Amino acid sequence: MEKINKTDEEWREILSEEEFLVTRKKGTERAFTGKYYKNEENGLYNCICCGHELFSSEHKYDSGSGWPSFYLPLNQESIETETDFSHFMKRTEVHCSKCNAHLGHVFDDGPEPTRLRYCINSVSLKFQKK
Ligand code: FE
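So the sequence shown is numbered by this note's numbering: it starts at 3 and just counts up by one.
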């Protein structure tokens with residue numbers, strides 16, 4: 003897969019301030035404020051930065067966390083993970099495999115069959131209705 007590399011300046015041109023801060027500076031949207039938290043429509047969730055297909059509504063569930071949650075990414079090529087030691091915690095960060103956009107974190111308290119909870123910022127995503 004061809005990776006996308008842009009400078010902060012180039013990202014700022016195509017992203018809103020909040021999208022830029024979350025995806026390029028590893029920010030977090032406030033819980034329960036994201037536009038996709040309650041979205042139950044069928045479709046795909048693509049990267050707001052590069053359009054890469056990341057998650058499917060098929061694997062979305064209500065975790066009660068305040069952020070859109072999935073128990074599985076769309077496929078193995080969709081995302082990459084990395085250990086994150088920021089904020090005095092050890093967490094696993096999730097980013098777009100194509101453009102490195104920060105998406106959120108993955109935790110091991112999800113539902114069957116994976117028991118994973120991909121906790122994702124709405125602003126990192128662009129929903130494409132099926
Ligand atoms: Fe991306």
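Note that CB positions come from ideal geometry on N, CA and C, so glycine has one too. Please read these numbers as outputs of a predicted model, since none were measured by experiment.
- Contact check between the region 59–73 and the region 86–99: fewer than three CB pairs, one atom from each, fall below 8 Å, which does not count as touching.
- When DSSP states are grouped into helix, strand and coil, S71 belongs to the strand group.
- With respect to C98, H107 sits apart: the two C-beta atoms are not nearer than 8 Å.
- Of the residues assessed, S71 falls on the buried side of the cut-off, its CB having 16 or more other CB atoms within 10 angstroms.
- Partner residues in the beta bridge of T85, as assigned by DSSP, are T94.
- With fewer than 16 other CB atoms across the displayed protein chains lying within 10 angstroms of its CB, T85 is exposed.
- In the three-state reduction of the DSSP assignment, I122 falls in the strand class, which pools E and B.
- In summary, Y47 is buried, with 16 or more beta-carbon neighbours lying within 10 Å of its beta-carbon over all protein chains present.
- Apart from the 5 residues on each side of it in sequence, R93 sits with its Cβ closer than 7 Å to the Cβ of D86, H107 in its chain, given in chain order.
- Classified as buried, K62 has 16 or more neighbouring CB atoms from the shown chains inside 10 Å of its CB.
- E20: member of the alpha helix (DSSP H) spanning 19–27, first to last residue.
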